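Colleague: Next up is a structure, given as structure tokens.
In the numbering used here, the protein residues as written are 3 to 225.
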């Protein structure tokens, strides 16, 4: 190859790379915005008895998230946005409601939901929530998960005997069923599903988009 041809080839490669970078940058800056779909009072009515909540009942902003511990997108959303939203809720800025909505294929989801509720009954809902998310590969396969859940309770310093009884308590089963009923109406076969007040949030591609949306409603400065 001649020097001129070689130089031309290099310039073509550089130009192509620059074009690709420009296209990628343009794609990022042109990311489609999220949008909301007004659902109305049905959201509050159908989730009245569902979910684990934190934050004042009369908060001006209510974030409801239908989620599944065995869903990777759900865990990503929870890790990147859920913790921040729960902190804002604990500070009284909003109300956050986590509703268990395991997909049909995830047969251990209801058991995990019971473990979450039982930890909540003992005063540590989000500590168990974290462990269930972190150790999903451990409890979602192999032997029945209940012994693992009891071990998690022990690691959290909970009364394991009381926790074990709670796992089979019909009252806890009813709470899980309330979640399932709400999910059937508002998140049928699709998680994560996010509602802010009476609107369904659509088009979420990154957890930060949800934080930005809620931050705008609360007029909370960027942190």
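Beta carbons: idealized from backbone N, C-alpha and C, even for Gly.
Nothing here was measured: the structure is a model prediction, and the numbers come from that model.
1) If I measure Cβ to Cβ from residue 45 and keep anything under 6 angstroms in the same chain, skipping five residues before and after, which residues do I get?
2) Is residue 87 near residue 126, with beta carbons less than 7 angstroms apart?
3) Give me the DSSP bridge partner(s) of residue 68.
4) Tell me whether the beta-carbon of residue 178 lies closer than 7 angstroms to the beta-carbon of residue 73.
5) Can you give the beta carbon distance from residue 83 to residue 213, rounded, assuming they're within the 8 angstroms contact cut?
6) First and last residue of the beta strand (DSSP E) that includes residue 48?
7) What does the alpha-carbon distance come out to for the pair residue 160 and residue 149?
8) Just list the residues that DSSP pairs residue 201 with in beta bridges.
9) Check for me: the beta strand (DSSP E) holding residue 52 runs from which residue to which?
10) Output needed for residue 180: all residues of its chain with C-beta closer than 7 angstroms, excluding positions within five of it in sequence on either side, in chain order.
11) Identify whether residue 172 lies in helix, strand or coil by the three-state DSSP scheme.
Modeller: On the basis of the coordinates in this document:
1) Closer than 6 angstroms at Cβ, skipping near neighbours: 197 and 200.
2) No, these two residues do not count as a Cβ contact at 7 angstroms.
3) Bridge partners of residue 68: 101 and 195.
4) No. Outside cutoff.
5) The Cβ separation is near 5 angstroms, so the contact holds.
6) Per DSSP, residue 48 lies in no beta strand (DSSP E); the unbroken alpha helix (DSSP H) holding it starts and ends at 44-48.
7) Between the alpha carbons of residue 160 and residue 149 lies a gap of roughly 14 angstroms.
8) Partner(s): 40 and 198.
9) Segment: none, residue 52 is in no beta strand (DSSP E) and carries neither H nor E.
10) Within the same chain, residue 180 has close Cβ partners 51 and 52.
11) The DSSP-derived three-state label of residue 172 is helix.
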